[in-house]
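Peer 1: Structure provided below as structure tokens; questions to follow.
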Amino acid sequence: MSTPQRQDFILFNDQSVIPKELNDVATIDSEQQHHMFLITSALGTQPYWLINALVETSVSGSPLSLNGSSINRCSNNDNTITVIASFIHEKKFYNTALQKLKVNSNKYQILDIITDFVMKNIDKPRDKVLDMLLDKFPKDTQSTIILEQSELLLALLKGLTSDELNRRFILPLMKRCKLLIVATNIDFFQNNEDEPVDTNNRDSLEITRFVTSLVYASLVVMNLRSLDTGRAKDVTGSLMISKGGQSNNSSLSVDIVENEYLYLTEKESTRLFYR
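Counting in the numbering used here, the sequence shown runs from 35 upward without gaps.
This is the structure:
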């Protein structure tokens, strides 16, 4: 059996992942545009390779680890910065990964927001904790922010609701940058129309509401899924690209290319193929 042809990772019909036009709109538009990309994954489909590829794109214009020396590469503004913040990984995790990919360390910043988070914020009011978190991020409307598993705040801050998390943290954070990329775990997300949401399960209810709100606020949604049969020898999982709720409201002239890739992760590299 022949080996499937490797495919480039693209999100828009100009063959880009983050279109140059998004940077231009953020720069010249009198009304500042703020966009969100959403990554959803479950426990068996770790999104780290995709997050790393998006950091590469934000820094250098192309996801070199996936596409190689892409002809569509276009460097971003030298004055822009990419900020990475994770609620499950310390700084060393992404520092190590990005150093291996030889991403310019002067172009990204990794925030430490998880170390001793519970001890530092015990008994503090939720609104104060969210304000303190928000203040860790630079106010740079030309920046890209990548936020990993912010839904954990629903468990870490007693009584926090999805509406409050959106209103007090996600939406204000989005206004601090030109592009907010949110990676969220959907293990507790209920999306079965035949089974109503379990209103007695607060965690599941709030996660479902939170993820749903992110989908509606996003320009594009990247959904990582495992195979129905588990992991095959030549396929790790699938990556579904779909339009988010804001795709029809965007001022961008480029369109999202809805697609589905199969991906194979071996050792420290990932390849994409068309399904």
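In this text, a Cβ means the ideal position worked out from N, Cα and C, and glycines have one as well.
Note down the Cα distance separating E294 from L258, rounded to an integer number of angstroms.
Peer 2: Looking at the two C-alpha atoms, the distance is approximately 10 Å.
Peer 1: Select from D169, T74, L84 and D48 the residue whose C-alpha is nearest the C-alpha of R202.
Peer 2: For the residues D169, T74, L84 and D48, the minimum Cα distance to R202 belongs to D169.
Peer 1: May I have the straight-line CA-CA distance separating I179 from I148, to the nearest angstrom?
Peer 2: Rounded to the nearest angstrom, the two C-alpha atoms are 16 Å apart.
Peer 1: Cβ atoms of G278 and V245: under 8 Å apart, would you say?
Peer 2: Cβ distance not < 8 Å, so V245 and G278 don't count as in contact.
Peer 1: What three-state label does DSSP hand L188 in the structure shown?
Peer 2: Here L188 sits in helix by DSSP.
Peer 1: What is the DSSP secondary structure of Q176, counted as helix, strand or coil?
Peer 2: Correct three-state label for Q176: coil.
Peer 1: Closest to I220 by C-alpha separation, out of V93, L164 and S238, would be which residue?
Peer 2: Closest by alpha carbon: S238.
Peer 1: Whole angstroms is fine: what's the gap from A217's alpha carbon to F171's?
Peer 2: In a straight line, the C-alpha of A217 is about 17 Å away from that of F171.
Peer 1: For L213, does the three-state DSSP call read helix, strand or coil?
Peer 2: Reduced to three states, the DSSP call for L213 is strand.
Peer 1: What residues in its chain sit with their C-beta under 7 Å from that of I144, if we drop five residues either side in the sequence?
Peer 2: Closer than 7 Å at the Cβ level, and outside the excluded window around I144, lie I118, K125, Y128 and N129.
Peer 1: How many angstroms separate the CA atom of N235 from the CA atom of L191?
Peer 2: Looking at the two C-alpha atoms, the distance is approximately 17 Å.
Peer 1: To the nearest angstrom, how far is the alpha carbon of L98 from that of H68?
Peer 2: Answer to the nearest angstrom: the Cα atoms are 25 Å apart.
Peer 1: For a minimum of 3 consecutive residues, which ranges assigned as the beta strand (DSSP E) are wholly contained in the stretch 240-271?
Peer 2: Segments of the beta strand (DSSP E) lying fully in the stretch 240-271: 254-260.
Peer 1: Would you say S247 faces chain C, with C-beta separation under 8 Å as the test?
Peer 2: Annotation note: the requested chain C is absent from the structure, which comprises a single protein chain.
Peer 1: Identify whether L273 lies in helix, strand or coil by the three-state DSSP scheme.
Peer 2: Here L273 sits in strand by DSSP.
Peer 1: Just how far apart, CA to CA, sit N86 and E55?
Peer 2: Near 22 Å, if we compare the C-alpha coordinates of E55 and N86.
Peer 1: Could you pull the start and end residues of the beta strand (DSSP E) that I118 belongs to?
Peer 2: Its beta strand (DSSP E) spans residues T116 to S120.
Peer 1: Return the CA-CA distance between Y250 and Q183, expressed in angstroms with no decimal places.
Peer 2: So the two alpha carbons sit approximately 17 Å from each other.
Peer 1: I'd like to confirm the pairing. Which residues does DSSP put opposite N219 in its beta bridges?
Peer 2: Paired residue(s): S75.
Peer 1: Jot down the residue ranges of each uninterrupted beta strand (DSSP E) in the stretch 120-160, minimum 3 residues, whole runs only, in chain order.
Peer 2: Counting only runs of 3 or more, we get 142-145.
Peer 1: Among the residues of its own chain, which have a CB less than 8 Å from the CB of V291, if the five just before and after it don't count?
Peer 2: Excluding positions up to five away in sequence, the list reads I44, L45, F46, N47 and I275.
Peer 1: Rounded to the nearest angstrom, what separates N226 and E240 at their Cα positions?
Peer 2: Residue confidence is low: N226 scores 49 on pLDDT, short of 50, so the model does not pin down where it sits. Its coordinate-derived value is still stated next. Rounded to whole angstroms, N226 to E240 spans 16 Å at the Cα level.
Peer 1: Looking at the secondary structure, which residues open and close the beta strand (DSSP E) in which N293 lies?
Peer 2: Residues N293 to E300.
Peer 1: Shortest alpha-carbon distance to L164 belongs to which of T299, K173, N140 and L187?
Peer 2: Cα-wise, what sits closest to L164 is L187.
Peer 1: In whole angstroms, give me the CA-to-CA distance for P53 and I215.
Peer 2: Distance between the alpha carbons of P53 and I215 is about 14 Å.
Peer 1: If we ignore side chains and look at the alpha-carbon of each, how far apart do D42 and I156 end up?
Peer 2: C-alpha separation (whole angstroms): 46 Å.
Peer 1: For V137 and T116, I'd like the C-alpha separation in whole angstroms.
Peer 2: If I take the Cα positions, the gap works out to 11 Å.
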